[in-house]
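Per my numbering, residue 351 is the first one in the sequence shown, and the count goes up by one each step.
Beta carbons are placed, not taken as given, at the ideal position from N, Cα and C, and that holds for glycine.
Owing to the predicted nature of the structure, the values given are computational and were not obtained by experimental measurement.
Worksheet: one structure, shown below.
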Amino acid sequence: MRLDQVMLGETEVERINRVIRNYERYEGRQYFDTQYAKPDGLEYDPTTLTVNFDRLLIDTMAAWEFEMAPKYDVEPDVIDDPIDMVTEGYAPSKQQDTENRRAAAKEQLINWIHGENRTHEKLLEAAKDRKIAGTVWAKLLYDKRTGKLRIFFRPDTEVIAIYNPEDPDQLEEVHFVAYLDLNSTRLWKQSYYLEWNEDDGQYECFIEEAVYGIEEDAEKKRTVVRIIEDRVPKTSMGLDFIPVVEIPNERLAGMQRGYSEIEKFADITDEINRKLSDYSDAIRFEMFAITLFTNVDDDRGLSVAPGAMWNLQGAGGLLEGERPDAKKLESNFKFKDATEAYIDRLYANLHKIAEVPTVNTAEMNVGGINDMAVKLLFSAIISKTQRSWIIWRSRLQQLNEYILRYMKARVDDPRFSYDRDMVRKVDGNYTNTVHFRLPLPEDQVALITQLTTEMASDLESIKGALARRGVENPEAKLMEIIAERKLLRSQTDPYRDVSDADPTVE
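Rendered as structure tokens:
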């Protein structure tokens, strides 16, 4: 093992190599295709057919999670009496109005950052990495040149994390590593350290970044690693947290990484590819018969073409009654039904393990399918997606919290490009909500009926109903609705001031 690999740690190198193999499978380099050895005695090259089921299933899972963009909002704390808030003519108190403006500022800042960083596009990519490797990482970075906050998602192959032994949810060190050249002679490493400052009584985050040169010493037969570019010496970031969020796949208690989806069904996909390859060879031998010559002295000059005529010459020394002859040996493949049934069972088990159903509505002899029927057909993948959203929701909420805390720490930077007044409104409450939507064709009539019933029963707010309805900016739409209601009320008020109702009247 090279010295740079020793620096990373044997366990981490093994984990990274395993994750790299999963990425290779996603790219189409299946185990059956790369590890197959031709048996001795074969005079033909057996088919090694590779159907990339891994990519199909991973892409499908990611599409179910983030084909529809998530929504981010911040609800204000309720300070006024809730009974007064629902009465006619209610006006918020000064404290409630301040809280409403503070929540609106937080929500606007969060959505501003996500929109600026095209987070929806990156989430769709990160969902694939999470399924392939078992974990993906989100990193926040403040660009001092532009004064903007950047969001990056990095694969698990680039990350080495060290957790607090007593608190497995707290990261103490995070190292991002990557080779900068194909020959693996230049290693980039960016490290974050979270250290306790006893004097201040709080945590402090430090950053360090360098590029290492890796050389082979042939004489001493060893690897030499040295710093060739010290980009950032160990420096305090002015933060009390590491601006990195781990997003694992489903896992068990005590695990530091999630399970890879590819590793769940790799054996089945390899077996399907093996059987499809064998089936391809069987069909090939069945399609092309073997020509058998008997009692023929010379078969040279015999053409193989439609309508060809052969002049068969008998071999010397033929016994009486023996004649030269040519026959076709047709293959008689008797295992077609058994092979197809076996492959079908493999397909069924593959989709059962992956929890991705195979539903072809074109083959269903039914009429229109309503919203509930569609959800029943896709219940497996819906359940899997919603379980995945449990993790995504908590990690995105943590990312949103870090966004607000990071902006507060950089608000006095001269190149800070965001609204400073809005950032200064942010207090120590970083509670936020993330909403997800399934990529299903909604039954709009049923949805509107349900939302109307919930609002009439005070189970849902107008803003919440608008968000579930899919409105891009529910707060702006709510303001529009309120303005229209006020206009209609003033038009129908018999005691209204005419000048107030019609601005053209003086």
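- Under the Cβ criterion (8 Å, minimum of three pairs), the stretch 795 to 810 does not count as touching the stretch 486 to 496.
- Taking a cut-off of 8 Å for Cβ pairs, the stretch 410 to 430 and the stretch 446 to 462 touch, as three or more such pairs fall below it.
- Listed in chain order, the alpha helix (DSSP H) runs fully inside the stretch 464 to 488 are 469 to 483, counting runs of at least 4 residues.
- Cα atoms of Arg745 and Glu559: separation of roughly 26 Å, rounded to the nearest angstrom.
- A residue is called buried when at least 16 other Cβ atoms come within 10 angstroms of its Cβ; Ala477 meets this threshold and is buried.
- Residue environment analysis places Ala815 among the buried positions, since at least 16 neighbouring C-beta atoms fall within 10 angstroms of its C-beta.
- Residue Val527 holds the alpha-carbon nearest to the alpha-carbon of Thr535 among Tyr542, Val527 and Ser541.
- In the structure shown, the three-state DSSP call for Trp414 is helix.
- Distance check between Asn467 and each of Ile501, Pro442 and Val575 places Ile501 closest, using alpha-carbon atoms only.
- With respect to Arg755, Val761 sits apart: the two C-beta atoms are not nearer than 8 Å.
- Going by beta carbons, Thr781 and Asp423 fall outside the 8 Å limit.
- Within its own chain, the residues whose Cβ lies closer than 8 Å to the Cβ of Gln520, once the five positions on either side in sequence are excluded, are Tyr513, Asn514 and Leu544, listed in chain order.
- Counted as a single uninterrupted DSSP element, the stretch harbouring Glu558 is not any alpha helix (DSSP H) but the beta strand (DSSP E) occupying residues Gln552 to Asp567.
- Classified as buried, Thr469 has 16 or more neighbouring CB atoms from the shown chains inside 10 Å of its CB.
- For Leu642, the enclosing beta strand (DSSP E) begins and ends at Ile640 to Thr644.
- In the three-state DSSP reduction, Pro789 falls in the coil class, being neither helix nor strand.
- By a beta-carbon distance limit of 8 Å, Ala688 does not contact Thr641. Their separation comes to about 29 Å.
- In this structure, Arg375 sits near Asp404, with a CB-CB distance shorter than 8 Å.
- With respect to the C-alpha of Cys555, the residue from Ala759, Lys456 and Leu828 having the closest C-alpha is Ala759.
- Bridge partners of Thr585 according to DSSP: Ile557.
- For Asp423, the secondary structure class from DSSP, reduced to helix, strand or coil, is strand.
- In summary, Pro593 is buried, with 16 or more beta-carbon neighbours lying within 10 Å of its beta-carbon over all protein chains present.
- The beta carbon of Ile578 is closer than 8 Å to those of Arg536, Val561, Tyr562 and Gly563 in its chain, skipping five residues each way along the sequence.
- Residue state for Arg500 is assigned as strand, using DSSP reduced to three classes.
- In this model, Phe685 and Asp628 are separated by some 12 Å (Cα to Cα).
- Distance from Pro824 to Lys836 at the Cβ level is roughly 19 Å; contact not present, criterion being Cβ atoms closer than 8 Å.
- Cβ atoms of Leu530 and Thr619 stay farther apart than 8 Å, at about 34 Å.
- Between Ile612 and Ile482 the beta-carbon gap is near 6 Å, inside 8 Å, which marks them as a contact.
- Cβ-Cβ distances below 7 Å link Gly497 to Asp763, Arg765, Phe766 and Ser767 in the same chain, with the five nearest sequence neighbours on each side left out; the list follows chain order.
- If you draw a straight line from the Cα of Ile732 to the Cα of Trp414, it is about 8 Å long.
- Closest in C-alpha terms to Val776, from the list Ala796, Glu751 and His785, comes Glu751.
- Using a Cβ distance threshold of 8 Å, Tyr542 and Glu523 count as a contacting pair.
- Glu417 has its alpha-carbon roughly 32 Å from the corresponding atom of Gln540.
- In the structure shown, Pro432 falls within a helical segment according to DSSP collapsed to helix, strand and coil.
- Under the three-state reduction of DSSP output, Leu399 falls in the coil class, being neither helix nor strand.
- Closest in alpha carbon position to Asp395, among Ser653, Glu822, Arg634 and Met659, is Arg634.
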